[in-house]
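Engineer:
There are 2 protein chains.
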Amino acid sequence: MFESAELGHKIDKTTFRSEVPKLREALLDAQFDLRENGSFPVVILISGVDGAGKSETINVLYEWMDPRFLSTLAFAAPSDEERERPFMWRFWRALPPKGRMGIFAGSWYSSSIAHHIAGKLSRGDLDQRMDQINRFEAMLVNEGALVLKFWFHLSKDGQRQRLKSLERDPRTAWRVTRESWARVKTYGKLQEAAGHVLRMTNTPWAPWIVIEGTDDRYRSLTVGKIILDALQKRLADTRDQGFPVAPPIVQKTDSLDVLTALDLTQKLDKKAYETQLAKWQGRLAELVRHPAFAHRSLILAFEGADAAGKGGSIRRVTAALDARHYQIVPVAAPTEEERAQPYLWRFWRHIPRHGRVTIFDRTWYGRVLVERVEGFCTEADWLRAYAEINDFEHELHEDGAIVVKFWLQVSDKEQLRRFKEREKIAFKRFKITDEDWRNREKRPAYHAAVCDMVDRTSTGTAPWTLVEADDKSFARVKILRTICERLERALTDEKPKNGKD
Amino acid sequence: MFESAELGHKIDKTTFRSEVPKLREALLDAQFDLRENGSFPVVILISGVDGAGKSETINVLYEWMDPRFLSTLAFAAPSDEERERPFMWRFWRALPPKGRMGIFAGSWYSSSIAHHIAGKLSRGDLDQRMDQINRFEAMLVNEGALVLKFWFHLSKDGQRQRLKSLERDPRTAWRVTRESWARVKTYGKLQEAAGHVLRMTNTPWAPWIVIEGTDDRYRSLTVGKIILDALQKRLADTRDQGFPVAPPIVQKTDSLDVLTALDLTQKLDKKAYETQLAKWQGRLAELVRHPAFAHRSLILAFEGADAAGKGGSIRRVTAALDARHYQIVPVAAPTEEERAQPYLWRFWRHIPRHGRVTIFDRTWYGRVLVERVEGFCTEADWLRAYAEINDFEHELHEDGAIVVKFWLQVSDKEQLRRFKEREKIAFKRFKITDEDWRNREKRPAYHAAVCDMVDRTSTGTAPWTLVEADDKSFARVKILRTICERLERALTDEKPKNGKD
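As they're listed, the protein sequences go chains A and B.
Be aware that the first sequence starts at 219, since it is given in my numbering, and climbs by one per residue.
Be aware that the second sequence starts at 219, since it is given in my numbering, and climbs by one per residue.
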């Protein structure tokens, strides 16, 4: 969930200065429109890591918009009035009415996460509360509200640096308290709890928007643009009220994303490749023979651009496995039988039993990649798919499966080179079709879809591994090493839940 | 949830014989249409109490429809293949494809309920699984499936009698096993667990349909008609696929319902009234002074037809209370401020703190009564309100509130008499308006709305009490007695959860 927010996003002063006046004007217009014609309230949650700029952002929003129609709702320790009523009462009291925007500094999430980290709320109770919150937010959206949930993220190192720089400046030093530093220590715990909570509550009707908190200009501009975009789309939406409207997938404010951040020049020379390949293949062969693996299973998901080298990588993995214990599932267009079922059905049928490995060559992510880009399903369909896929992988994980997901990224230039090579070499010619050439033209659309996919489905239990695949040797070794490391950790550290009947 | 299914519904032989041929023909037609044009699967769950006719109903459906396009999916103890995969895998395998109907004899609910009763699945784990099931069913419905969930109910006595009569008939005696009798003993536990599970999973997209299982003809005819009705509506629905379609509210097959079953002739003579009134008012005054009440609160919800005597009853309750400790909230048309918020907001704002009483004269049920009948909100809005209201009352309960809900029922004749009387007596004239006369014409629509309301929102934690109100004395005493009994049980037996921060 946090990959895109650890890339070091930055906006320079000149860009910021030229963009802000337009944005402010548009925000004021939208706010006016909301007040005059908007029959819905806007609920904005500002949450995240300490020091990631939560209150600074709220100040900027007040500066940019008409403060008469904004309200900020902060929640400290509950009053005695509040303690003697249900948990959600204080938030109900604070809801903004139609035509207005309410900014929640702290929300129904904050105390739940804090209490969980402090050991006062068990995982089960936390999950129950998240379920309650999902129903509450669904009700809000059904009642017409536009719900925007921001999570401001900092890497651990980023948090430390940010606190130091706040301390250095006398104008901001007061923001840094002893608790701020204490929270750096519990960073890992917060990330784990937050990752879980964000996955549970990343619903199609109110998805999370994770923002990198390091750079003030980037953070302010991005939040402002997202609010503007969501407001404008919602104001223009003429559908019947009562139809839940998911906030839109958001345009980027800079050119940095999880894919452009990859260093595709990474290489492995022939000798190093052979040594490493042998090493990791040997390790993998051992790991699947580990006694603990008899109660687990391994699911490998391969996605990537055409000619990124999925097939070759899969062969290097299976070389380490016993043919009786693995199955490769190549995923092409669905069969007639599969089209007559929910889209996840054709993957469920291939789920391995314990002690086995299933390798998917292309996967259930087709829904949010090819089906989204080609318009094979509606926007509502692929928007809800993120949560459905997270649920699916969570069920696999709960049953003891180890889910390892790879996206193989190849540069435009290298892809072109491989396409041309395939056309030349007789035995590779079957691999290249007119469709592949057409897909190349859609690279920007696929690029955006991959970034959204990683942001929304890279979870603690089933994270994405992005593989720099311009050099096939480098890619294959990275894939094998990742599988081994995930397996090793799972077989030694984790206890499978197997909450089975 | 089970009130309507304990009334002794019966269909006589003649009616049954005349209705069945039409129903069968229509079902076959709809099934043909589904096969030829239907781009959706039909998922039918048959669940409920032992001996309530689950397998008999499945047999009847096979007899009435084309068995080539039906499949029955039964789930015994999981195979080793199934045990080594996630819980939902066996159900995914069994899903019917588009154009076909799958009847699930036992489903994703059965084992969860059974394990919970056997103490192998904690309440928290049960809730988590129900959440998972809700998401799964939402996905099915979003993917186009029509999901019909039947729960066959018998009263405890009904179950005993039914087992005896099955045993008596040599053709059915084999159905009754030692386990069947064992289950009579755990009847209470099953009801409690089932009530909870049905409340949790009574979603707008896949609500439960509770059917009384005593009479074979009633059960078969009702199930057949509901399936037909749902199929026809879904086939005629031309909206975009992907729009969740809730199964329709179902027409009744006989004239018996929770309201017609009331004996409105019940009376209390003046002397008995005075004694009883004094007794229960005294008891109530004591109970709200009970030390345990300092950590609880009391919420009284009054609904009823015009002139049913809500105001008078409320005055008899408050006579026993200290004016500093209660608040009466009369609910009329929402104010401008309230209209700018979700419909539950105006009730949330009046939730009492601990040690206090709030009396709502008309309530949040306006959504599924007047707003439904008068068309003030869309069908989708009032359909989702049942679950939202259950969630709301569950939150109140979890926080220690005791929620007591009354529907005051008055006969057509008595209502007319009271209207006329009000017109005559000067100081009562303000109580009667043209609108009251108009509402009288809508009695049948209100009648149906009240029955649906009781079926869908009478939960274990906040049950409805239906009050026979033709005699005001009888009604007032029943109300006071009910409040005292609920309070007494709550203050002595129950532990409030107060899972507070």
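Each residue gets a CB set at the ideal place from its N, CA and C atoms; glycine is no exception.
#1: For the segment 682 to 710 of chain A, which segments carrying the beta strand (DSSP E) assignment without a break, of at least 3 residues, lie completely within its bounds, in sequence order?
#2: I'd like to know whether the C-beta atoms of Leu495 of chain A and Cys702 of chain A end up nearer to each other than 8 Å.
#3: Might you give, ordered along the chain, the residues of its own chain that have their beta carbon closer than 7 Å to the beta carbon of Val685 of chain B, omitting 5 neighbours on each side?
#4: Please list the terminal residues of the continuous beta strand (DSSP E) segment that includes Tyr544 of chain B.
#5: Going by DSSP, name the residue or residues bridged to Gly522 of chain A.
#6: Among A:Val588, A:Gly337, A:Ala598, which residue has its Cα nearest to the Cα of Ile424 of chain A?
#7: Between the C-alpha atoms of Asp387 of chain B and Pro570 of chain B, what's the straight-line distance to the nearest angstrom?
#8: For a contact meaning CB atoms closer than 7 Å, what does Gln346 of chain A contact in chain B?
#9: Is any beta-carbon of chain B found at less than 8 Å from that of Asn360 of chain A?
#10: Just to make sure I have the definition right: I need the residues of chain A whose C-beta is within less than 8 Å of the C-beta of Arg311 of chain B. Which are they?
#11: Can a CB atom of chain B be found closer than 8 Å to the CB of Gln559 of chain A?
#12: Quick one: residues in its chain with C-beta nearer than 7 Å to the C-beta of Gly527 of chain A, no 5 flanking neighbours on either side, listed in chain order?
#13: Taking the C-alpha atoms as reference points, what is the distance between Ala295 of chain B and Trp326 of chain B?
#14: Please check the pair Leu439 of chain B and Ala248 of chain B, which I expect to be a contact at CB under 8 Å, by giving their CB distance rounded to whole angstroms.
#15: Would you mind stating whether Met219 of chain B and Gly406 of chain B have Cβ atoms separated by less than 8 Å?
#16: Under the assumption that Ser236 of chain A contacts Phe368 of chain A (Cβ atoms under 8 Å), give the Cβ distance between them as a whole number of angstroms.
#17: Identify the contact partners of Pro315 of chain B in chain A, using a Cβ-Cβ distance below 8 Å as the criterion.
#18: Please check if any C-beta of chain B sits within less than 8 Å of the C-beta of Arg699 of chain A.
#19: If Asp524 of chain A and Pro548 of chain A are in contact, beta carbons under 8 Å, what's the gap, nearest whole angstrom?
#20: Let me know the secondary structure DSSP gives Gly376 of chain B once reduced to three states.
#21: Using a Cβ-Cβ cut-off of less than 7 Å, give me the residues of the segment 588 to 615 of chain B that come near chain A, in sequence order.
#22: Under the rule that 16 or more other beta-carbon atoms within 10 Å means buried, what is Tyr280 of chain B, buried or exposed?
#23: Using a cut-off of 8 Å between C-beta atoms, extract the partners of Pro304 of chain A located in chain B.
#24: Can you tell me where the beta strand (DSSP E) with Asp579 of chain A in it begins and where it stops?
#25: Note the first and the last residue of the continuous alpha helix (DSSP H) segment covering Ser531 of chain B.
#26: What residues in its chain sit with their C-beta under 7 Å from that of Ala680 of chain A, if we drop five residues either side in the sequence?
#27: Leaving out five residues on either side along the sequence, give the residues of the same chain with a beta carbon under 6 Å from the beta carbon of Val672 of chain B.
#28: Which residues does DSSP list as the beta-bridge partners of Met306 of chain A?
#29: Strictly under 8 Å for the Cβ-Cβ distance: is His572 of chain A near chain B by that measure?
#30: Out of A:Tyr491, A:Arg318, A:Tyr583, A:Ser329, which one is the CA nearest neighbour of Ser531 of chain A?
#31: Which residues mark the beginning and the end of the beta strand (DSSP E) in which Phe370 of chain B is found?
#32: I need the DSSP call for Ala619 of chain B, collapsed to helix, strand or coil.
#33: Distance cutoff 8 Å, beta carbons only. Does Asp455 of chain B sit that close to anything in chain A?
#34: Using DSSP's beta-bridge definition, name the partner residues of Val261 of chain B.
#35: Over the uninterrupted alpha helix (DSSP H) stretch that includes Ser438 of chain B, give me the two end residues.
#36: Excluding five sequence neighbours on each side, which residues of the same chain lie with their C-beta closer than 8 Å to the C-beta of Leu486 of chain B?
Structural biologist: Quick look at the numbers:
#1: 682 to 686
#2: no
#3: Phe624, Trp625, Leu626, Gln627, Ala693, Lys696, Ile697
#4: 544 to 548
#5: A:Leu626
#6: Note that residue 424 of chain A corresponds to Ala in the displayed sequence, not to Ile. It is A:Ala598 whose Cα lies nearest to the Cα of Ala424 of chain A.
#7: 57 Å
#8: Gly342, Asp345
#9: yes
#10: Trp566, Arg567
#11: yes
#12: Leu626, Ala687, Lys690, Ala693
#13: 13 Å
#14: Actually they do not touch by this definition, with Cβ atoms about 16 Å apart.
#15: no
#16: The pair is not a contact, with the Cβ atoms about 24 Å apart (cut-off 8 Å).
#17: Glu555, Ala558, Gln559
#18: no
#19: Contact doesn't hold; Cβ gap of about 14 Å is too wide.
#20: helix
#21: Thr596, Ala598, Asp599, Arg602, Glu606, Asp609, Glu613, Leu614
#22: exposed
#23: Ile569, Glu613, Leu614, Glu616, Asp617, Ala619
#24: 575 to 579
#25: 528 to 536
#26: Glu611, His615, Val621, Lys623
#27: Glu221, Val476, Trp682
#28: Met306 of chain A pairs with nothing; no bridge assigned.
#29: yes
#30: A:Tyr491
#31: 364 to 371
#32: strand
#33: no
#34: B:Gly320, B:Val365
#35: 434 to 454
#36: Gln494, Asp689, Ser691, Phe692, Val695
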